[in-house]
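S.K.:
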Amino acid sequence: MAIERYTGLASVLETIRWQDGITQASLTDQVGLGRSVVAERVAELEHIGLIHSPGRAPSTGGRTAKLLSLNAQAGYVVGVDIASNEMVVSASDLAGALLGTRHRELCDVGEGPERILAQANAIIKEVVREQSSNNLLGIGVGLSGPVNFDTGTPVGVPVLPGWGDYPVREEFAARWPVPAWVDNRVNLLALAEIEGNPRAAKAKHLLYFGAGAGVGAALITHGRLYRGSHGLAGSIGHVAVPEAGVVACRCGRTGCLEAVTSGWAIERDGLMLAETGRSPYLAQVLAETGRIRAYDVTLAAEHEDTAARELLNRTAALLGSSLATLVSFFAPHMLVVGGGIARAKDIVLKPIQQAVLERLPSTGAPDLLVELSTIDEQVGGVVGAAQLVLGELFSKDNLPGLLERLNQPGNQINEGALA
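Just so you know, our numbering puts 86 at position 85 of the sequence shown, and the rest follows in order with no gaps.
(1) Does the segment 183–196 come into contact with the segment 221–240, if we say contact requires no fewer than three beta-carbon pairs (one atom in each stretch) closer than 8 angstroms?
(2) When the Cα of HIS53 is compared with those of ALA75, ALA174, VAL32 and PHE150, which residue comes out closest?
(3) First and last residue of the beta strand (DSSP E) that includes ARG57?
(4) State the DSSP-derived secondary structure class of PRO367, mapped to helix, strand or coil.
(5) Among the candidates VAL169, LEU161, ALA26 and SER134, whose CA atom is the shortest distance from the CA of ASP151?
(6) What residues match up with ALA181 in a beta bridge as DSSP calls it?
(7) TYR7 lies in the alpha helix (DSSP H); which residues open and close that run?
(8) I need the straight-line Cα distance from ILE124 to ASP166, nearest angstrom please.
(9) I need the straight-line Cα distance from ALA366 to VAL357, nearest angstrom please.
(10) How about GLY141 and VAL78: are their beta carbons less than 8 angstroms apart?
(11) Hey, would you say the C-beta of LEU71 is under 7 angstroms away from at least one heavy atom of the ligand COA?
(12) Give a yes or no on whether the C-beta atoms belonging to MET335 and ALA201 are separated by under 8 angstroms.
(13) Report the rounded CA-to-CA distance for ALA260 versus TYR227, giving the unit in angstroms.
(14) Counting only runs of 4+ residues fully inside the segment 70–131, write out the alpha helix (DSSP H) ranges in chain order.
(15) TRP19: buried (16+ other C-beta within 10 angstroms of its C-beta) or exposed?
(16) Please state whether the Cβ-Cβ distance between VAL81 and VAL43 is less than 8 angstroms.
(17) Within 10 angstroms of its Cβ, does GLY291 collect 16 or more other Cβ (buried), or is it exposed?
(18) For TRP164, tell me which candidate among LEU118, GLN409, PRO199 and TRP177 has the shortest Cα-Cα distance.
(19) Considering only residues of the same chain and omitting the five flanking positions on each side of MET273, which have a CB-CB separation below 6 angstroms?
(20) DSSP three-state call for PRO155: helix, strand or coil?
(21) CB-CB under 7 angstroms to VAL183, same chain, minus the five flanking residues each way: which ones, in chain order?
(22) State the beta-bridge partners of CYS252 as determined by DSSP.
(23) Can you say whether ASN72 is buried or exposed, counting buried as having 16 or more other CB atoms within 10 angstroms of its CB?
(24) Using a Cβ-Cβ cut-off of 7 angstroms (strictly less than) and excluding sequence neighbours within five positions of ALA284, which residues of its own chain qualify?
(25) Got a sec? Which residues, its chain only, sit under 7 angstroms from LEU327 by beta carbon, not counting five neighbours each side?
(26) When you compare the segment 346–361 with the segment 307–318, are there three or more beta-carbon pairs, one atom per stretch, that lie closer than 8 angstroms?
(27) Classify PRO180: buried if its beta carbon has 16 or more other beta carbons within 10 angstroms, exposed otherwise.
(28) Assign HIS48 to one of two classes, buried (16 or more other C-beta atoms within 10 Å of its C-beta) or exposed (fewer than that).
(29) Give me the DSSP bridge partner(s) of TYR209.
(30) Please report the straight-line C-alpha distance between GLY1 and LYS205, rounded to a whole angstrom.
(31) Take ALA175 as the anchor and find which of GLY146, GLY139, LEU34 and ARG294 has the nearest alpha-carbon.
(32) Where GLY341 and GLY33 are concerned, what is the direct C-alpha to C-alpha distance, given to the nearest angstrom?
(33) Looking at the C-beta of ILE376, does it have a partner C-beta in chain B at a distance below 8 angstroms?
(34) Measure the alpha-carbon distance for GLU15 versus ARG254 and round it to whole angstroms.
(35) Tell me the rounded alpha-carbon separation between ALA386 and VAL128.
(36) Please state whether the Cβ-Cβ distance between ARG310 and ALA302 is less than 8 angstroms.
The following block contains the structure:
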């Protein structure tokens with residue numbers, strides 16, 4: 002009976018969450034439960050404050066029905082996005098709206114997990130202190146590279162030296178009296194995409210590809226991430242691609258997709274263009290700053306620097322050819338390319354689209370949309386982290402713990418936790 006109860010509660014809550022302002026009659030029709038059962042579940046969720054009635058439905062001649070909505074102010078969640086050179090920490094309400102955000106530059110994520118996570122916890126304290134509510138309900142963390150979602154530990158990858166198998170989730174769960182979840186950044190950016198992009202939200206099957214410090218893919222089907230075994234689905238950065246030839250990768254092998262399409266690969270090739278003088282724009286940047294960033298290559302291309310534009314076109318075409326394989330396998334309705342490469346906009350979009358369509362089999366993908374991400378990458382990670390936490394909190398497996406916490410008067414974060 003307990004399992005049925007929480008399954009019903011989760012179904013009712015999920016439906017109300019995604020259909021803000023729904024009548025109980027419509028809710029009953031959609032969740033497939035009896036009227037009395039739905040009434041009981043609604044009453045329970047109202048009692049603990051997770052849902053409320055903001056008003057009544059328009060009159061159709063009879064008695065108006067009250068509308069049910071998620072109570073976004075019933076608590077909040079924290080998102081932590083740890084990129085290769087930056088950390089973003091935010092608080093979001095239960096509808097996913099950002100309440101406050103803090104940015105910190107990281108000198109080197111390779112300093113190791115202990116130091117970086119200590120910084121993260123310090124920033125979380127700052128964000129928590131700023132909230133009018135002290136009812137923190139969960140924490141979501143995004144890391145660059147593959148993450149074992151079952152254990153909340155990163156799998157050893159070059160972009161996070163020293164982080165392999167470190168108990169990141171346990172670190173946060175031990176520090177804060179709320180559940181924590183850890184995922185890779187690409188998954189979080191994909192969740193942010195369906196939260197902030199109406200076309201992506203409507204796509205039943207979405208393939209998201211992120212190219213930044215590393216590369217990775219995420220598949221969302223009917224609004225849910227496909228994680229695969231241990232949550233490691235989408236770890237394609239070190240798949241060999243013929244076009245990469247013998248190009249060395251940070252993993253120690255050659256010919257990896259990451260070695261020719263990631264941000265660091267663009268920086269490497271951009272530096273060569275600057276040093277050889279083939280790119281006057283990048284040569285000037287190198288002389289003035291002593292370094293070349295991937296974003297500098299994008300700026301050079303936007304300033305009609307021929308060599309920089311050719312570099313991005315070539316990278317985009319290679320990326321599109323590789324993505325065609327994934328499109329053929331998963332047959333998504335929509336392919337979204339995000340990360341740093343998306344900043345180049347039309348310079349990379351057209352070559353990606355052309356390469357994907359040219360490499361698809363004769364059956365093709367007649368309704369496939371290929372777009373660049375429209376999400377602000379600086380906050381996309383924490384937006385996705387919030388969606389991750391909310392999805393987990395409201396699931397039938399974790400709902401019992403959430404209800405228990407909300408039912409306890411002393412469940413809030415106290416000053417001791419902020420010491």
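Heads up, the beta-carbon is just placed ideally off N, CA and C, and yes, glycines get one too.
M.R.: Reading from the atomic positions:
(1) yes
(2) Walking along the sequence shown from the start, residue 53 turns up at place 52. HIS53 has its Cα closest to that of ALA75, out of ALA75, ALA174, VAL32 and PHE150.
(3) For the purposes of this step, residue 57 is identified with residue 56 of the sequence shown, where counting begins at 1. Taken as a continuous stretch (DSSP letters only), the beta strand (DSSP E) holding ARG57 covers 52–57.
(4) Counting from 1 along the sequence shown, the entry for residue 367 is found at position 366. Residue state, collapsed to three classes: coil.
(5) Position 150 of the sequence shown holds residue 151. The candidate whose alpha carbon is nearest that of ASP151 is VAL169.
(6) Along the sequence shown, one-based indexing puts residue 181 at 180. Paired residues: ILE140.
(7) Indexing the sequence shown from 1 puts residue 7 at position 6. From DSSP, the alpha helix (DSSP H) with TYR7 extends over 3–19.
(8) Mapped onto the sequence shown, residue 124 falls at position 123. Mapped onto the sequence shown, residue 166 falls at position 165. Those two C-alpha atoms are separated by around 23 angstroms.
(9) To locate residue 366, count along the sequence shown from 1; it is residue 365. To locate residue 357, count along the sequence shown from 1; it is residue 356. Distance between the alpha carbons of ALA366 and VAL357: 10 angstroms.
(10) Residue mapping note: residue 141 aligns to position 140 of the sequence shown, counting from 1. Residue mapping note: residue 78 aligns to position 77 of the sequence shown, counting from 1. Closer than 8 angstroms, so yes.
(11) Looking for the ligand COA in the displayed structure turns up nothing, as the structure carries no ligands at all.
(12) The residue you call residue 335 lines up with position 334 of the sequence shown. The residue you call residue 201 lines up with position 200 of the sequence shown. Against a cut-off of 8 angstroms, the Cβ pair of ALA201 and MET335 comes out as a contact.
(13) For the purposes of this step, residue 260 is taken as the residue at position 259 of the sequence shown. For the purposes of this step, residue 227 is taken as the residue at position 226 of the sequence shown. Approximately 25 angstroms, taken between the alpha carbons.
(14) 114–130
(15) Within the sequence shown, the letter at position 18 stands for residue 19. Exposed: under 16 other Cβ atoms inside 10 Å.
(16) Translated into the one-based positions of the sequence shown, residue 81 becomes position 80. Translated into the one-based positions of the sequence shown, residue 43 becomes position 42. No, Cβ-Cβ distance for VAL81 and VAL43 is not below 8 angstroms.
(17) Sequence index remark: in the sequence shown, residue 291 carries index 290 (1-based). The residue in question, GLY291, is exposed, as its Cβ has fewer than 16 Cβ neighbours within 10 Å.
(18) Along the sequence shown, one-based indexing puts residue 164 at 163. Ranking the options by Cα distance to TRP164, first place goes to LEU118.
(19) What you label residue 273 is simply residue 272 of the sequence shown in a count that begins at 1. Within the same chain, MET273 has no close Cβ partners at all.
(20) For the purposes of this step, residue 155 is taken as the residue at position 154 of the sequence shown. In the structure shown, PRO155 sits in a strand (DSSP, three-state: E or B).
(21) Start at 1 with the first residue of the sequence shown, and residue 183 comes out as number 182. Once the five neighbours on either side are set aside, the close Cβ partners of VAL183 are VAL142, LEU144, VAL148, GLY153, VAL169 and ARG170.
(22) The count along the sequence shown starts at 1 and reaches residue 252 at position 251. According to DSSP, which records beta bridges pairwise, CYS252 is partnered with nothing at all.
(23) Counted from its first residue, the sequence shown places residue 72 at position 71. Its Cβ being crowded by 16 or more others within 10 Å, ASN72 is buried.
(24) The sequence position of residue 284 within the sequence shown is 283, counting from 1. Hits under 7 angstroms: ALA275 and GLY278.
(25) The residue labelled residue 327 in the question sits at position 326 within the sequence shown. Once the five neighbours on either side are set aside, the close Cβ partners of LEU327 are LEU208 and ALA218.
(26) yes
(27) Residue 180 sits at position 179 when you count from the first residue of the sequence shown. Buried: at least 16 other Cβ atoms inside 10 Å.
(28) Position 47 of the sequence shown, counted from the first residue, corresponds to residue 48. Label assigned to HIS48: exposed.
(29) Taking the sequence shown and counting its residues from 1, the one referred to as residue 209 is at position 208. ALA219 and VAL337.
(30) Any question about residue 1 goes unanswered here, given that the chain covers just 2 to 420.
(31) Residue mapping note: residue 175 aligns to position 174 of the sequence shown, counting from 1. Closest option to ALA175, Cα to Cα, is GLY139.
(32) Counting from 1 along the sequence shown, the entry for residue 341 is found at position 340. Counting from 1 along the sequence shown, the entry for residue 33 is found at position 32. If I take the Cα positions, the gap works out to 44 angstroms.
(33) The chain labelled as chain B is not found in the depicted structure, where only one protein chain is given.
(34) Indexing the sequence shown from 1 puts residue 15 at position 14. Indexing the sequence shown from 1 puts residue 254 at position 253. Those two C-alpha atoms are separated by around 45 angstroms.
(35) Here residue 386 refers to the residue found at position 385 when the sequence shown is read from its first residue. Here residue 128 refers to the residue found at position 127 when the sequence shown is read from its first residue. Cα to Cα, ALA386 sits roughly 15 angstroms from VAL128.
(36) As a first step, residue 310 must be located in the sequence shown, where it is residue number 309. As a first step, residue 302 must be located in the sequence shown, where it is residue number 301. Against a cut-off of 8 angstroms, the Cβ pair of ALA302 and ARG310 comes out as a contact.
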